[in-house]
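These notes are about the structure you will find just below.
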Amino acid sequence: MIKVKNLKRYYGSGSTTVKALNGVSFEIKKGEFVAIMGASGSGKTTILRILALLDDATDGEYTIRGLKVSSLPEAERSYYRLTQVGYVFQDYALINEMTAAENVYILSMMEGKSKKESYKVALEALDKVGLKDKHDRIPDELSGGEKQRVAIARAIAKKPDIMFADEPCANLDTRNSEQVLDVFKDLNDNYGQTIVMVTHEPWHVKYVDRVITFKDGVMVGDEWMDDR
Amino acid sequence: MIDDIRVGALIASSSIKRGNKKTLLFIVFVLSLIFMNLVFLPSMIGGMTVLFTGIMQDYPYGDIVIEPTGDNTYINNADNVLQKVRAVEGVRAATKRLDVGASIEHKQNVVGVTVTGVVPTEEYEISQYPYIIKEGDFLGELSRDEIIIGSIISGTSTTFGEIYDDLGETRVGSLVDVTYSNGVKRTYKVKGIMEGNFELVDLNAMVHYKEIEDVYGLDKGKATSVVVRIDEPGTEDEMKAKIREAGVNEQVFTWADKSETLIRQALQSLGAIDVMSKFVGLIVGAALILIIIYINILNRKKEIGILKAVGVTPRSIVLSYTFLSMFYVSLGIFAGLILYLSLMFYFQANPVTFYGTMQIRPQIDVMLIIQSIVTMLTLSVIAGTLPAWSVSKESILKAIWGR
Numbered sequence: 001m002i003k004v005k006n007l008k009r010y011y012g013s014g015s016t017t018v019k020a021l022n023g024v025s026f027e028i029k030k031g032e033f034v035a036i037m038g039a040s041g042s043g044k045t046t047i048l049r050i051l052a053l054l055d056d057a058t059d060g061e062y063t064i065r066g067l068k069v070s071s072l073p074e075a076e077r078s079y080y081r082l083t084q085v086g087y088v089f090q091d092y093a094l095i096n097e098m099t100a101a102e103n104v105y106i107l108s109m110m111e112g113k114s115k116k117e118s119y120k121v122a123l124e125a126l127d128k129v130g131l132k133d134k135h136d137r138i139p140d141e142l143s144g145g146e147k148q149r150v151a152i153a154r155a156i157a158k159k160p161d162i163m164f165a166d167e168p169c170a171n172l173d174t175r176n177s178e179q180v181l182d183v184f185k186d187l188n189d190n191y192g193q194t195i196v197m198v199t200h201e202p203w204h205v206k207y208v209d210r211v212i213t214f215k216d217g218v219m220v221g222d223e224w225m226d227d228r
Numbered sequence: 001m002i003d004d005i006r007v008g009a010l011i012a013s014s015s016i017k018r019g020n021k022k023t024l025l026f027i028v029f030v031l032s033l034i035f036m037n038l039v040f041l042p043s044m045i046g047g048m049t050v051l052f053t054g055i056m057q058d059y060p061y062g063d064i065v066i067e068p069t070g071d072n073t074y075i076n077n078a079d080n081v082l083q084k085v086r087a088v089e090g091v092r093a094a095t096k097r098l099d100v101g102a103s104i105e106h107k108q109n110v111v112g113v114t115v116t117g118v119v120p121t122e123e124y125e126i127s128q129y130p131y132i133i134k135e136g137d138f139l140g141e142l143s144r145d146e147i148i149i150g151s152i153i154s155g156t157s158t159t160f161g162e163i164y165d166d167l168g169e170t171r172v173g174s175l176v177d178v179t180y181s182n183g184v185k186r187t188y189k190v191k192g193i194m195e196g197n198f199e200l201v202d203l204n205a206m207v208h209y210k211e212i213e214d215v216y217g218l219d220k221g222k223a224t225s226v227v228v229r230i231d232e233p234g235t236e237d238e239m240k241a242k243i244r245e246a247g248v249n250e251q252v253f254t255w256a257d258k259s260e261t262l263i264r265q266a267l268q269s270l271g272a273i274d275v276m277s278k279f280v281g282l283i284v285g286a287a288l289i290l291i292i293i294y295i296n297i298l299n300r301k302k303e304i305g306i307l308k309a310v311g312v313t314p315r316s317i318v319l320s321y322t323f324l325s326m327f328y329v330s331l332g333i334f335a336g337l338i339l340y341l342s343l344m345f346y347f348q349a350n351p352v353t354f355y356g357t358m359q360i361r362p363q364i365d366v367m368l369i370i371q372s373i374v375t376m377l378t379l380s381v382i383a384g385t386l387p388a389w390s391v392s393k394e395s396i397l398k399a400i401w402g403r
């Protein structure tokens, strides 16, 4: 489903060049739940942002279902982000002035669905993350874990091919982290959702199928979790 | 495009519903001041213009004035001219006047003046003279040995008292001697003192029309001017043409044609100030609206990045800020209108005093208000669209994380 070939991302130029990614290649198949791990500055967030079309690679090739998305023009990348990709941010990235439902259904409306239909889709997504009864709350009225679950609902409402999550539990305590990871696990197990998650918490690996490890901008490990 | 509009409207409406109300109030307050700036000064200038033009129309010239042709001193058939003029559609009233030079003497004080012979009953429809009598009464049909004098001449003017020679506290009932330019001397009792707080009026004196006819031995129907008032202000040039078409062969002028150079220049200067104030107001207004909306958008830069990251199109985002900007500006216009109308009512009741006692009442110009509303709404579209478009062009990473 995802093919990454010799992907590079350099910042700056000359002697000050930072090689955030320095020739990374891997494949992810449909339905996998992958964790990308590594120390701070290893390039794990950079690869996720490139995969989610939030950033551009300096060099290399990246395809999703055979489509070379790395070279798409911005308008098509925007459409791709809307329809094919779900992204869960570390800091939730919800619009504070919108209710949980509005944060979710805005994307359905963007896809051309009516408000009523979009609302229904949003309630279904919120139901999947256990927040249907809080659909009318604004982010300030939700806990950190609940906000992250709304962000997940927003990512899954459009039924994306792949969901990316950038350290989704970084700002959460253990109990809330478990709730969020349970949601991911449920989506992966029961809906076949492909998930690529960046994390630095070793205990998160029990939820995933596969762990890709990064160090200093290169991939240093690719391990399957057999006991899951 | 429709989806973009729907999503843009959703973002804008949620921002309005749940955004910071104090910020909204502040923005609306500043925008209301911008609107005020666009309309208030022109209204005051409008008031000054009306004051000046009003003086010319209400006293010496009416809306249209007819004067003798060539070197003639008099219109010889003034009654005939009056008959023709009154028959013209759109003419409200007309009267004849006789202006002559004279000197007035009272207790060894002598002042040179213009004495105007008027038909007293007709002046009520033509001028404000009958309504500015501050002491005594205006002339009547039988006022043959009576005179109205201006407050400057009488020495009772509080505004111009120190500037001009006067008769030394002449009062109603005082007897004054008038020596006309032909040498005829007559004694009149002061029937009234008029005060218009304008030299053109307060330096004048008035007697009955027949008195001047008698003093100068004029045939019936002679006049130095025929003063005309019309139904619709602003149609003076059109009415002037109609009067000529009606067969009036004397010289026909509008009040503006006849206004003294000073007044004309003053009006031109006021017009220039008006245009400049509108221009400056517009530039300042445009800059302020742009700054307000731009700061607002910069504060929401991260939000713009998030919306882009999750797949909302830049067009929707730009539209949402256009809607937001239009909403802010509409509220600002509404608040500004309330503020403006409140001030207008205040200044109508408490006019600005100018030149001692001349009172300026600002004019509400509906066209100006409509123009200002349209201008501000147009600016709001530009002010909302440009900064949002500029920010939406930034990379997602820069918008969200500043890098």
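Those protein sequence lines, which keep their order, are chains A and B. Counting along the first sequence from 1, when you hit position 211 you're at 211 in full-length UniProt numbering, and nothing is skipped either side. Counting along the second sequence from 1, when you hit position 20 you're at 20 in full-length UniProt numbering, and nothing is skipped either side. Just so it is clear, CB atoms sit at the ideal spot from N, CA and C, and this is done for glycine as well. These figures come from a predicted structure and were not determined experimentally.
Integer Cβ distance of residue i from residue j, believed to fall under 8 Å
i	j	result
B:K210	B:R144	7 Å
A:R149	A:V121	The pair is not a contact, with the Cβ atoms about 16 Å apart (cut-off 8 Å).
A:K29	A:F214	With 8 Å as the limit, A:K29 and A:F214 do not qualify as a contact, their Cβ atoms being about 19 Å apart.
B:I304	B:M48	With a Cβ gap of about 48 Å, B:I304 and B:M48 do not count as contacting.
Distance between residue j and residue i (C-alpha atoms, nearest Å)
i	j	result
A:N176	A:S118	27 Å
A:L53	B:I370	47 Å
A:V218	B:Y328	50 Å
A:I138	B:K278	44 Å
A:D173	A:E146	12 Å
B:R171	B:M56	27 Å
B:V284	B:I297	20 Å
B:V248	B:R92	17 Å
A:L25	A:K8	Just to set this straight, residue 25 of chain A is Ser in the shown sequence, not Leu. In a straight line, the C-alpha of A:S25 is about 10 Å away from that of A:K8.
B:L339	B:I273	23 Å
A:A151	A:L126	10 Å
B:Q83	B:G62	17 Å
A:A75	B:K393	11 Å
B:A12	B:I34	23 Å
B:D58	B:T187	28 Å
A:E223	A:N103	36 Å
B:E169	B:E135	12 Å
B:I396	B:S342	47 Å
B:A94	B:R229	6 Å
B:R86	B:D237	17 Å
Close Cβ partners of residue i (< 8 Å) along its chain, the five nearest in sequence each way excluded
i	result
B:M344	S43, P362, I364
B:I75	I66, E67, P68, V81, K96, K222, A223, T224, S225, V226, E250
Same chain, Cβ closer than 7 Å to residue i, five either side skipped, listed in chain order
i	result
B:P120	F138, L139, G140, E141, S143, H208
B:P60	L200
A:D182	none
B:A102	V113, V115, V178, T179, Y180, S181
B:K189	D145, E146, G173, L175
With 16 other Cβ atoms within 10 Å as the buried cut-off, status of residue i
i	result
B:M276	exposed
B:R300	buried
A:S71	exposed
B:L25	exposed
A:P202	exposed
A:Q193	buried
A:S13	exposed
B:D231	exposed
A:L67	exposed
B:N204	buried
Residues near residue i in its chain [Cβ-Cβ closer than 6 Å; skip 5 each side]
i	result
A:N188	F33, I195
B:K242	V88
B:S151	S157, I193, E195, D202
A:D59	K8
A:V42	What sits at residue 42 of chain A in the sequence shown is Ser, not Val. Here the set comprises F214, K215.
A:A153	V104, A125, L126, V129
B:L307	I317
A:V198	I36, K44, T45, L48, D166, E167
- Task: Would you list, in chain order, the members of the region 103–122 of chain A that have their beta-carbon closer than 8 Å to a beta-carbon of chain B?
- Result: I106, L107, M109, M110, E111, G112, K115
- What residues in the region 310–334 of chain B bring their beta carbon closer than 9 Å to a beta carbon of chain A? V310, G311, V312, T313, P314, S316
- Item | Members of the region 371–397 of chain B that neighbour chain A once the beta carbon cut-off is set at 8 Å | S395, I396, L397
- At a Cβ cut of 7 Å, what residues of the region 123–147 of chain A count as close to chain B, listed as they run along the chain? I138
- Task: With 8 Å as the limit, tell me which residues of the region 175–187 of chain A have their beta carbon closer than that to any beta carbon of chain B; keep them in chain order.
- Result: none
- Compile a chain-ordered list of the residues in the region 65–78 of chain A whose CB is closer than 7 Å to at least one CB of chain B. S78
- Task: May I ask you to list, following chain order, the residues of the region 51–62 of chain A that have a beta carbon less than 7 Å from some beta carbon of chain B?
- Result: L54, D55
- Contact set between the region 193–225 of chain A and chain B, restricted to residues whose Cβ is under 9 Å from the partner: none
- Query: What are the residues of the region 288–307 of chain B that lie near chain A, defined by any Cβ-Cβ distance shorter than 9 Å?
  - Reply: K302, E303, G305, I306, L307
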